[in-house]
Amino acid sequence: MPDRECCMKELVARIDAAACDALRQEVDLEYKPGLVCPGNNGSHADMNCATFHRSIDALRGYFGACFASGIEGAEFRTLQAHGLAAEKAMFKATGGVNTHKGAIFLMGLLAGAAGAQFREHGCFEPISLGRLVAAKWGVNILLAGVQDQVQHLDAPTHGRLVKDAFGLPGAREQAAEGFPVLFWTTVPQLRWALSEGISPEQAQLHALVCTIGKLPDTNLAHRGGLKGLQWAQSRVDQFLAEGGVFAPGWKSRAQHLCAQFESQWLSPGGSADLLSAALFVQALVQVNSELPNFMVAR
-17 MPDRECCMKE
-7 LVARIDAAAC
3 DALRQEVDLE
13 YKPGLVCPGN
23 NGSHADMNCA
33 TFHRSIDALR
43 GYFGACFASG
53 IEGAEFRTLQ
63 AHGLAAEKAM
73 FKATGGVNTH
83 KGAIFLMGLL
93 AGAAGAQFRE
103 HGCFEPISLG
113 RLVAAKWGVN
123 ILLAGVQDQV
133 QHLDAPTHGR
143 LVKDAFGLPG
153 AREQAAEGFP
163 VLFWTTVPQL
173 RWALSEGISP
183 EQAQLHALVC
193 TIGKLPDTNL
203 AHRGGLKGLQ
213 WAQSRVDQFL
223 AEGGVFAPGW
233 KSRAQHLCAQ
243 FESQWLSPGG
253 SADLLSAALF
263 VQALVQVNSE
273 LPNFMVAR
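Under the numbering used here, residues -17 to 280 are what the sequence shown spells out, in order.
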């Protein structure tokens, strides 16, 4: 096998591993309000950390396939087919529990966009991946949503129910706009927090709570309506106003925040997906910095 082909296979595997590691970091993070953590299951009775780990193992290969398809110049329908296959693998591994459907959609698009950038430039610019998703596939993403509504009128998704009831943008609308909350809030807040010298775990939690405060999270709205969404955002705003993870005693206040979310049975799953995506974007920055050496024939 030619050296360059070996290097490309290695790069695809590296991208896939980076995405799976981002998912693992997210689920293994403690003190996430309402979400499954190593210490408890948050506002969930049907899943725990082990469920998520089985799901992540089942998704191995998916993100690399999306990246490779981007390199090959694939259209959205190819990425969509990869995503549907990944969903089936997830449901099989979890016994029908939806652990990563949002992340499959979001991070699959980002991986495909990274591949498209690599095809064009021989490298990728992670911070501009959202703009590329919007420009390259935005219209098709929205059209696919319309087609899905027509084909599944009898079984609308939670996101569609929330959109119809409250007019909130769902995952498709966020994608078609280039993931504004991800690239304007989650990624910048994660980078800033890391630059302040706190632990990676603190930085990740900071990015998550900032995201909860900005994202019209359809998971929150599905469970609690607009009042539930607004209540959740007011709670994280208070946590941040009190210093967030930067203030003494932050762990006890984070635990209290978790208890508040659990008391209302609220879970910001969309925000968790954006944290995973932000960790993936950060990993892509590192991979991109290594490309000049990585692609040298060995």
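Glycine included, each C-beta is placed from N, C-alpha and C at the ideal position.
When the distance is taken between beta carbons, is residue j closer than 8 Å to residue i?
i, j, result
"ASP202", "LEU248", "It is Leu, not Asp, that sits at residue 202 in the sequence shown. Result yes, Cβ atoms of LEU202 and LEU248 sit closer than 8 Å."
"ILE123", "ARG154", "yes"
"LEU125", "THR200", "no"
"ALA95", "GLY52", "yes"
"THR33", "VAL79", "yes"
"PHE49", "ALA93", "yes"
"GLY16", "PHE165", "no"
"GLN215", "ILE194", "yes"
"ALA265", "ALA4", "yes"
"LEU11", "GLN186", "yes"
"GLU8", "SER258", "yes"
"LEU176", "PRO182", "yes"
"SER37", "MET89", "no"
Roughly how many whole angstroms lie between the Cα atoms of residue i and residue j?
i, j, result
"GLN237", "TYR13", "6 Å"
"LYS83", "GLY231", "35 Å"
"GLU107", "VAL267", "7 Å"
"ARG205", "LEU273", "44 Å"
"GLY55", "TRP174", "34 Å"
"GLY207", "LEU190", "21 Å"
"ARG(-4)", "GLY46", "8 Å"
"LEU222", "PRO162", "21 Å"
"ALA157", "PHE87", "9 Å"
"SER234", "GLN99", "43 Å"
"CYS192", "THR76", "29 Å"
"LEU172", "LEU143", "31 Å"
"VAL18", "GLY97", "31 Å"
"LYS209", "MET(-10)", "49 Å"
"CYS31", "HIS188", "21 Å"
"ALA1", "GLY225", "30 Å"
"MET(-17)", "GLY160", "For MET(-17), the predicted model reports a pLDDT of 48, less than 50, meaning its position is unreliable and no value from the coordinates is stated."
"PRO250", "GLN62", "24 Å"
"ARG59", "TRP119", "9 Å"
"LEU(-7)", "LEU256", "24 Å"
"GLU178", "ALA229", "13 Å"
"CYS105", "TRP213", "42 Å"
On the three-state DSSP scale, how would you describe residue i?
i, result
"ILE109", "helix"
"VAL22", "One detail in the question is off: residue 22 reads as Asn in this sequence, not Val. It is coil, neither helix nor strand."
"MET(-10)", "helix"
"SER216", "helix"
"GLN246", "coil"
"GLU183", "helix"
"PRO162", "helix"
"GLY231", "coil"
"PRO170", "helix"
"ALA27", "coil"
"THR139", "coil"
"GLY16", "coil"
"GLY225", "coil"
"ASP146", "helix"
"GLU286", "This structure leaves residue 286 out entirely; the chain is present only between -17 and 280."
"LEU5", "helix"
"ASP199", "coil"
"LEU261", "helix"
"GLY104", "coil"
8 Å is my cut-off, CB to CB: does residue i come that close to chain C?
i, result
"GLN237", "Here there is only one protein chain, and chain C is not present."
Original post:
Which runs of the alpha helix (DSSP H), 4 residues or longer, sit entirely within the region 41 to 81?
Top reply: Taking only runs of at least 4 residues, the alpha helix (DSSP H) segments lying wholly in the region 41 to 81 are 44 to 53 and 58 to 76.
Subject >> Cβ pair count under 8 Å reaching 3, the region 105 to 119 against the region 32 to 48 >> reply: Counting Cβ pairs under 8 Å, fewer than three are found: no touch.
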